[in-house]
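**Student:** Protein chains in written order, with the numbering used here: chain A, 87 to 206; chain B, 528 to 816. No residue lacks a Cβ here, since even glycine has one placed at the ideal position from N, Cα and C. Can you keep this structure in mind? I'll have questions shortly.
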Amino acid sequence: TALGNRHGKRHGKKSKSRCSKKALHVNFKELGWDDWIIAPLDYEAYHCEGVCDFPLRSHLEPTNHAIIQTLMNSMDPNSTPPSCCVPTKLSPISILYIDSGNNVVYKQYEDMVVEQCGCR
Amino acid sequence: FQSAAIISPSAPRRVRGARISHRDGQRSSKILKDILASTHPVVGHHKDDLKDAIVPHEYMLSIYRTYSAAEKLGLNASFFRSSKSANTITSFVDRGTGLVSHSPLRRQKYLFDVSTLSDKEELVGAELTIFRRAPGNLQTSSQTTGLYDIQLYPCSSDSLLDSRSLDPLDSTKAGWEVLDAWDMFKVQQGNQLCFQLRVTLRKSDTEVDLRQLGLDRSGRSQQEKAILVAYTRSKKRENLFNEMKEKIKSRRTAGEKEEGAAAKAAGATEEDGVSLKGAKGEGPRRRRR
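Structure, rendered in structure tokens:
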């Protein structure tokens with residue numbers, strides 16, 4: 087039992103996970119966009135989820151404002167909400183689709199995949 | 528401010544619309560509903576036929592494969608010189624239909640409808656890609672000595688757009704000829720671009736029968752048709768939601784326009800070997816009542 091404790095897990099209380107990147111699978115077919123999107127039909131977009139609590143870790147690359155807001159939230163949660171867990175770095179994906187003139191178009195759509203999450 | 532949401536299709540549609548509680552009332556939910564309704568598999572299932580009717584050119588498929596694989600390695604498409612730092616590459620298939628004649632084919636016209644090119648995007652390059660088949664009667668072409676000159680002109684003027692040399696030995700094998708067509712967009716305004724191709728013997732400047740070099744357009748599959756590829760770069764970052772809205776709107780107007788054009792095309796006359804009827808699969812469209 088002592089060993090379990092050593093990992094610092096608190097029993098009986100569900101700890102919220104910290105801000106991090108989570109899976110988000112987008113299926114264009116389910117969106118009904120596959121009549122004009124040739125490829126890809128689905129892709130992994132990811133999303134950010136979790137709490138931004140004090141102290142903020144450096145990999146979350148908080149802005150100074152997020153540090154102040156998190157500090158105030160830790161002092162009095164009722165006065166200030168915590169900072170938000172959001173995408174801090176995004177990357178594009180290529181899409182091949184048919185335009186309104188039935189032409190085949192290749193386009194690089196910016197900001198479609200979450201690379202990193204942070205607190206802002 | 529507009530909200531964007533990815534809503535699971537399993538929720539019933541009516542609830543889906545209600546779920547978006549937004550400050551400006553039902554406007555954005557109507558827009559979202561409009562987008563989803565018009566593209567929903569149940570309503571728009573005839574669109575699948577449309578998609579199947581369009582055969583992506585091998586060139587576009589190879590572009591997509593190359594750049595999306597590079598993306599996975601963290602390389603941007605604009606990294607490749609061939610992309611001309613464009614983030615959008617649009618292909619237009621040749622709509623010309625040649626007249627069958629037995630006299631030597633000295634000139635050939637190519638017609639492209641570029642009306643869907645957005646004027647909000649900066650054109651950074653354009654190429655006309657023509658598939659040259661292996662000519663049937665190898666004997667005649669291999670007798671020729673000296674280089675061929677493949678020359679590209681606008682239909683409406685004789686200012687040379689681009690030219691490429693072709694070795695007679697190479698001309699016995701099939702291949703793609705890529706000609707720079709960027710200047711065409713500066714010379715000619717409007718949505719219909721017409722190019723004219725001719726091939727001369729470099730020494731004597733005599734025009735060659737395009738059939739000898741496998742450049743005539745008769746009997747070509749969709750994959751062998753000439754395509755005009757336009758490279759554009761969007762100046763400002765567009766909101767995906769707005770872009771989808773525009774796409775849906777323009778598809779709807781294009782659909783209505785095509786119905787009108789179909790009626791008109793029934794009476795259109797062939798002029799100068801170039802027809803207004805369009806490519807296979809783009810004929811009159813039946814709208815399912």
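Considering only residues of the same chain and omitting the five flanking positions on each side of B:L638, which have a CB-CB separation below 6 Å?
**Tutor:** Contacts found: R622, G623, C721 and V801.
**Student:** Under the three-state reduction of DSSP, which class applies to B:E773: helix, strand or coil?
**Tutor:** Helix, per DSSP.
**Student:** With a CB to CB cut of under 6 Å and the five nearest residues on each side skipped, what residues in its chain are close to B:A753?
**Tutor:** Same-chain partners within the cutoff: D621, Y637 and I657.
**Student:** Buried or exposed, going by whether 16 or more other CB atoms sit within 10 Å of the CB of A:C203?
**Tutor:** Result: buried.
**Student:** Between the Cα of B:T733 and the Cα atoms of B:Q678, B:E649, B:D689 and B:T617, which residue gives the shortest distance?
**Tutor:** Minimum Cα distance to B:T733 is reached at B:Q678.
**Student:** Compute the beta-carbon to beta-carbon distance between B:L600 and A:Y195, rounded to the nearest angstrom, for a pair I have assumed lies under 8 Å.
**Tutor:** Wrong, their Cβ atoms sit about 18 Å apart, outside the cutoff.
**Student:** To which residues does DSSP link B:L720 through a beta bridge?
**Tutor:** Paired residues: B:F639.
**Student:** Considering only residues of the same chain and omitting the five flanking positions on each side of B:K762, which have a CB-CB separation below 8 Å?
**Tutor:** So the qualifying residues of the chain are K647, E648 and E649.
**Student:** I'd like to check one pair, A:S180 with A:C138: are the Cβ atoms closer than 8 Å?
**Tutor:** No, Cβ-Cβ distance for A:C138 and A:S180 is not below 8 Å.
**Student:** Roughly how many whole angstroms lie between the Cα atoms of B:V726 and A:A109?
**Tutor:** The alpha-carbon atoms of B:V726 and A:A109 are separated by roughly 56 Å.
**Student:** With C-beta atoms as the reference, is B:I581 less than 8 Å away from B:I616?
**Tutor:** Against a cut-off of 8 Å, the Cβ pair of B:I616 and B:I581 comes out as no contact.
**Student:** Grab me the residues of A:A152's own chain with a C-beta within less than 6 Å of its C-beta, minus the 5 sequence neighbours each way, in chain order.
**Tutor:** Here the set comprises S169, C205 and R206.
**Student:** Measure how close the beta-carbons of B:L706 and B:D685 come, nearest whole angstrom, since I'm counting them as under 8 Å.
**Tutor:** Contact flag wrong, Cβ pair sits at about 16 Å.
**Student:** Going by CA-CA distance only, name the one from A:E201, A:D121 and A:N189 that's closest to A:S177.
**Tutor:** With distances taken between Cα atoms, A:S177 lies closest to A:E201.
**Student:** Please name the residue in A:K107, A:F114, A:Q155 and A:N159 whose C-alpha comes closest to that of B:M771.
**Tutor:** The shortest C-alpha separation from B:M771 is found at A:F114.
**Student:** Less than 8 Å between the beta carbons of B:V756 and B:E654, yes or no?
**Tutor:** It is a contact, given that the beta carbons lie within the stated cut-off.
**Student:** By the DSSP assignment, the alpha helix (DSSP H) with B:V582 in it spans what residues?
**Tutor:** Looking at the DSSP string, B:V582 is not in any alpha helix (DSSP H), and its letter there is neither H nor E.
**Student:** Would you verify that the beta carbon of B:R764 is, or is not, closer than 8 Å to some beta carbon of chain A?
**Tutor:** Judged by the 8 Å Cβ criterion, B:R764 is in contact with chain A.
**Student:** Answer yes or no: does any C-beta atom of chain B fall closer than 8 Å to that of A:D139?
**Tutor:** Taking Cβ atoms only, chain B never reaches closer than 8 Å to A:D139, which makes this a no.
**Student:** List, in chain order, every chain B residue whose beta-carbon is nearer than 9 Å to that of A:L182.
**Tutor:** Correct list: P583, M587, L588, I590, Y591 and S595.
**Student:** Would A:K193 count as contacting chain B if we go by Cβ distances under 8 Å?
**Tutor:** It does: the Cβ of A:K193 has a partner Cβ on chain B nearer than 8 Å.
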